[in-house]
Amino acid sequence: MSSIMYDPQGNGKGIPIHYHSRPVGAYLYILLTGKLTYGYESRAKEGLRRAVRPAEGYMIDLSGLALIDSTGLGVLVHFVQTYCKDCRGVAVIVQDELMKELLAIAKLELLMPICESVQEAVQRLDEIGKGLEEGREE
Numbered sequence: 138m139s140s141i142m143y144d145p146q147g148n149g150k151g152i153p154i155h156y157h158s159r160p161v162g163a164y165l166y167i168l169l170t171g172k173l174t175y176g177y178e179s180r181a182k183e184g185l186r187r188a189v190r191p192a193e194g195y196m197i198d199l200s201g202l203a204l205i206d207s208t209g210l211g212v213l214v215h216f217v218q219t220y221c222k223d224c225r226g227v228a229v230i231v232q233d234e235l236m237k238e239l240l241a242i243a244k245l246e247l248l249m250p251i252c253e254s255v256q257e258a259v260q261r262l263d264e265i266g267k268g269l270e271e272g273r274e275e
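In the numbering used here, the protein residues as written are 138 to 275.
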């Protein structure tokens, strides 16, 4: 499933935000491309809302983003708070070193694993799931 949010006259200056989602095992993989910045937050939240399907966990791939700012980071936090109450959570996939540094400065690794690949994200979400199961058994 994919969704395109486009605002030719608004704050985005005509730059589209794309969302592509597909299941990966028990998880939902969501690829974001474009800009996740101030002026896009309401469209970004709406696009993510449309892309989300029930899953045991989510992987948000930021590798296709040209730019993310503090407002974009807030969209990620909003996603966790809104959609990850009854699941293993969300893993973020990032390959750009500058973007990794930004996520580290914001301490987002305290909320979600920061991964370099889909395989690593699946592994981390599986580990979280095992921890949740062990916690229920105690």
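The beta carbon of each residue, even a glycine, is placed where N, CA and C say it ideally should be.
Here the structure is a predicted model, which is why all the values come from computation and not from measurement.
Starting from residue i and walking both ways along the alpha helix (DSSP H), at which residues does that stretch end?
i: Y220; result: 207 to 220
i: A181; result: 178 to 188
Could you tell me which residues DSSP puts in a beta bridge with residue i?
i: T170; result: H155, G201
i: I242; result: Beta-bridge pairing links I242 to no other residue.
i: L165; result: P160, Y195
i: I251; result: V229
How should residue i be labelled, buried or exposed, when 16 other C-beta atoms within 10 angstroms of its C-beta is the threshold for buried?
i: Y164; result: buried
i: K222; result: exposed
i: S207; result: exposed
i: S158; result: buried
i: I242; result: exposed
Starting from residue i, trace the beta strand (DSSP E) in both directions and tell me its first and last residue.
i: A228; result: 227 to 230
Tell me, to the nearest whole angstrom, how far the beta carbon of residue i is from that of residue j; I am working on the premise that it is less than 8 Å.
i: L245; j: V227; result: Not really, about 10 Å apart at Cβ, beyond 8 Å.
i: M196; j: V231; result: Actually they are not in contact, since the Cβ atoms of M196 and V231 sit about 11 Å apart, beyond 8 Å.
i: M236; j: I205; result: 6 Å
i: E183; j: G211; result: No, E183 and G211 are not in contact; Cβ-Cβ is about 15 Å, not under 8 Å.
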